[in-house]
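Residue numbers (our numbering): 1 to 539.
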């Protein structure tokens with residue numbers, strides 16, 4: 001590649017992290033400083049090294065860049081957790097204002113998962129075709145904008161619709177964040193760092209619980225207008241997604257692994273240079289001269305320049321292109337792992353979200369003592385606007401359960417690389433299933449709180465292990481599509497879990513709780529079929 005061509009490619013790259021950037025006062029756009037974006041190959045009298053992705057990542061080192069990237073991606077992950085879990089915390093009060101039955105509450109908690117099911121594969125496919133960063137900006141923006149609009153929806157059906165659209169955004173950002181983050185990491189650090197990224201989900205959970213604890217029990221007024229506290233809470237929950245989208249748009253680069261697979265060598269080299277300069281800033285080292293082993297993603301944008309004689313042919317070709325990654329996932333040699341992962345995602349999503357989204361409501365029912373399934377008087381359909389006031393302790397208990405994830409997160413960060421994701425996934429799913437079985441048997445509020453905390457601490461290990469294993473099982477051109485597909489399957493399970501709880505929690509409370517326990521045990525057995533991916537190289 002000529003110097004002129006490489007310089008033109010470098011100028012076309014989107015803004016990255018600060019450093020080597022200049023601002024054109026006439027066009028108002030951030031462009032690269034020509035002297036630092038010069039990625040031309042120097043002739044040092046010997047044959048220039050050509051590095052693979054893993055070798056280039058090792059050359060770039062590990063340090064400040066990765067810590068900054070962890071904070072940025074972690075904030076995006078936390079914003080998704082806030083947007084999903086905020087519904088569970090507003091249920092005890094919104095049920096009175098919107099006159100909701102338990103079935104209505106089940107539909108409300110399911111709506112965001114329906115949106116995530118639609119958005120998961122769509123955004124994941126686009127991320128594999130167009131790039132991780134652009135898709136993250138768009139999906140986080142959709143999440144934040146429509147989540148904020150839901151706070152002013154006057155009718156239940158409109159609130160439901162806006163939560164669904166917000167879920168479409170959440171469905172894209174969750175799988176793409178982990179694909180994006182993993183593609184900057186050296187092999188020996190990947191397990192611990194992805195586990196650290198998953199820890200931010202707990203942070204989002206704590207943030208949502210803390211906001212609910214501070215905001216919902218209070219009365220809010222703007223001028224002479226009294227605001228319903230749960231609407232203020234929903235509006236505040238949209239802020240993390242919007243700020244995260246802005247952060248990705250202004251500061252973060254595209255994944256170097258994606259750029260290499262797309263054949264965009266100059267842009268990938270610039271990202272590696274940026275990583276090197278931040279990681280080695282105190283070591284007085286110069287960026288080494290090398291070129292990259294780039295490729296071309298199989299089937300990437302193969303349909304873009306085709307012509308069709310009819311709209312039907314165009315639609316058919318687009319659908320075939322969109323479904324091609326699914327066909328590849330379920331053909332040899334990926335078939336066994338894909339089937340096992342499908343079962344694991346379904347079981348853990350049905351169990352975790354089916355139970356977790358109802359924690360505040362179940363705590364509200366045991367506030368005066370007893371077991372979660374023994375007090376159903378609070379769940380009767382609401383008439384007029386007469387509701388028993390929700391006690392502040394409900395939100396305090398939700399905060400405690402959210403904080404109970406901390407030991408599990410620390411455990412996975414310390415031991416993921418030594419034990420391996422598959423082993424942790426199997427064991428934590430089995431233990432989580434056992435803990436849920438005992439939730440059905442408890443007879444006091446204190447026992448309920450203790451077992452909910454145990455479930456939260458153990459189940460988070462399974463999620464963290466699944467995040468690590470999922471990013472390492474598939475090659476680059478399938479990674480985001482695969483994670484999007486399987487998280488979509490998980491959203492179907494989450495919808496079913498919430499609908500089942502909504503239908504049966506008042507009449508046959510034991511059925512959904514015991515079903516969750518059984519599914520978690522099945523998921524643990526299915527995880528045994530997954531290959532061991534500890535410290536494997538990304539393909």
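For glycine and all other residues, C-beta sits at the position ideal for the given N, C-alpha and C.
No experiment lies behind these values; they were computed from the predicted model shown.
Would you say residue i touches the ligand HEM, meaning its beta carbon is less than 6 Å from a heavy atom?
{"i": "residue 419", "result": "Within the structure as shown, the ligand HEM is missing, as the structure has no ligands at all."}
Indicate the three-state DSSP secondary structure (helix, strand or coil) for residue i in the structure shown.
{"i": "residue 188", "result": "helix"}
{"i": "residue 49", "result": "coil"}
{"i": "residue 349", "result": "helix"}
{"i": "residue 155", "result": "coil"}
{"i": "residue 30", "result": "Because the pLDDT of residue 30 is 32, which lies under 50, any placement of that residue in the model is unreliable, and the question is left without a value."}
{"i": "residue 107", "result": "helix"}
{"i": "residue 414", "result": "helix"}
{"i": "residue 211", "result": "helix"}
{"i": "residue 429", "result": "helix"}
{"i": "residue 334", "result": "coil"}
{"i": "residue 227", "result": "strand"}
{"i": "residue 91", "result": "helix"}
Who are the near neighbours of residue i in its chain, counting only those whose CB is closer than 7 Å to its CB and skipping five residues on each side?
{"i": "residue 519", "result": "347, 350 and 351"}
{"i": "residue 158", "result": "none"}
{"i": "residue 135", "result": "123, 126, 127, 172 and 176"}
{"i": "residue 137", "result": "245, 248 and 249"}
{"i": "residue 58", "result": "186"}
{"i": "residue 484", "result": "120, 121, 123, 124, 125 and 175"}
Locate the alpha helix (DSSP H) running through residue i, then write down its first and last residues.
{"i": "residue 506", "result": "Premise fails: residue 506 is in no alpha helix (DSSP H) and is neither H nor E."}
{"i": "residue 458", "result": "445-472"}
{"i": "residue 240", "result": "239-251"}
{"i": "residue 290", "result": "No alpha helix (DSSP H) contains residue 290, which DSSP labels as neither H nor E."}
{"i": "residue 277", "result": "265-279"}
{"i": "residue 99", "result": "No alpha helix (DSSP H) contains residue 99, which DSSP labels as neither H nor E."}
{"i": "residue 134", "result": "132-149"}
{"i": "residue 257", "result": "256-261"}
On the premise that residue j lies in contact with residue i, defined as a C-beta separation below 8 Å, what is that separation, rounded to the nearest angstrom?
{"i": "residue 144", "j": "residue 238", "result": "5 Å"}
{"i": "residue 491", "j": "residue 103", "result": "Their Cβ separation, rounded to whole angstroms, is 19 Å, which puts residue 491 and residue 103 out of contact at 8 Å."}
{"i": "residue 233", "j": "residue 75", "result": "The pair is not a contact, with the Cβ atoms about 19 Å apart (cut-off 8 Å)."}
{"i": "residue 495", "j": "residue 94", "result": "No, residue 495 and residue 94 are not in contact; Cβ-Cβ is about 19 Å, not under 8 Å."}
{"i": "residue 345", "j": "residue 533", "result": "In fact, because the Cβ distance is near 16 Å, the residues do not count as touching under 8 Å."}
{"i": "residue 115", "j": "residue 166", "result": "6 Å"}
{"i": "residue 524", "j": "residue 451", "result": "Rounded, the Cβ-Cβ distance is 18 Å, inconsistent with contact."}
{"i": "residue 106", "j": "residue 498", "result": "5 Å"}
{"i": "residue 156", "j": "residue 100", "result": "7 Å"}
Could you name the residues of the same chain whose beta carbon sits closer than 6 Å to that of residue i, not counting the 5 residues immediately before and after it, in chain order?
{"i": "residue 481", "result": "124, 125, 128 and 325"}
{"i": "residue 82", "result": "204, 207, 208, 237 and 240"}
{"i": "residue 464", "result": "195, 198 and 412"}
{"i": "residue 149", "result": "162"}
{"i": "residue 540", "result": "For the chain, the structure presents residues 1 to 539; residue 540 sits outside this window and is missing."}
{"i": "residue 191", "result": "416, 417 and 468"}
{"i": "residue 338", "result": "329 and 330"}
{"i": "residue 517", "result": "433, 436 and 437"}
{"i": "residue 202", "result": "405 and 409"}
{"i": "residue 340", "result": "526, 529 and 530"}
{"i": "residue 260", "result": "53, 268, 292 and 294"}
{"i": "residue 273", "result": "287"}
{"i": "residue 493", "result": "346, 349 and 350"}
{"i": "residue 476", "result": "257 and 261"}
Closer than 8 Å by C-beta to residue i: which residues in its own chain qualify, once you throw out the five before and the five after it? Chain order, please.
{"i": "residue 213", "result": "392, 395, 396, 398 and 399"}
{"i": "residue 455", "result": "355, 432, 435, 436 and 439"}
{"i": "residue 132", "result": "176, 179, 180, 183, 254, 255, 258 and 480"}
{"i": "residue 401", "result": "209, 359, 449, 452, 453 and 456"}
Pair every Cβ in the segment 224-238 with every Cβ in the segment 437-445, then say whether three or more of these pairs are closer than 8 Å.
Contact between the segment 224-238 and the segment 437-445 is absent: fewer than three C-beta pairs spanning the two stretches fall below 8 Å.
For the segment 48-61 and the segment 166-176, state whether three or more C-beta atom pairs, one from each stretch, are separated by less than 8 Å.
no
Within 8 Å, do at least three Cβ pairs link the segment 270-287 to the segment 52-66?
yes
Does the contact criterion of 3 or more C-beta pairs under 8 Å hold for the segment 114-129 versus the segment 498-515?
no
Determine contact between the segment 144-155 and the segment 425-438, defined as no fewer than three beta-carbon pairs at a distance below 8 Å.
no
Any chance the segment 405-419 sits against the segment 451-463, with 3 or more Cβ pairs inside 8 Å?
yes
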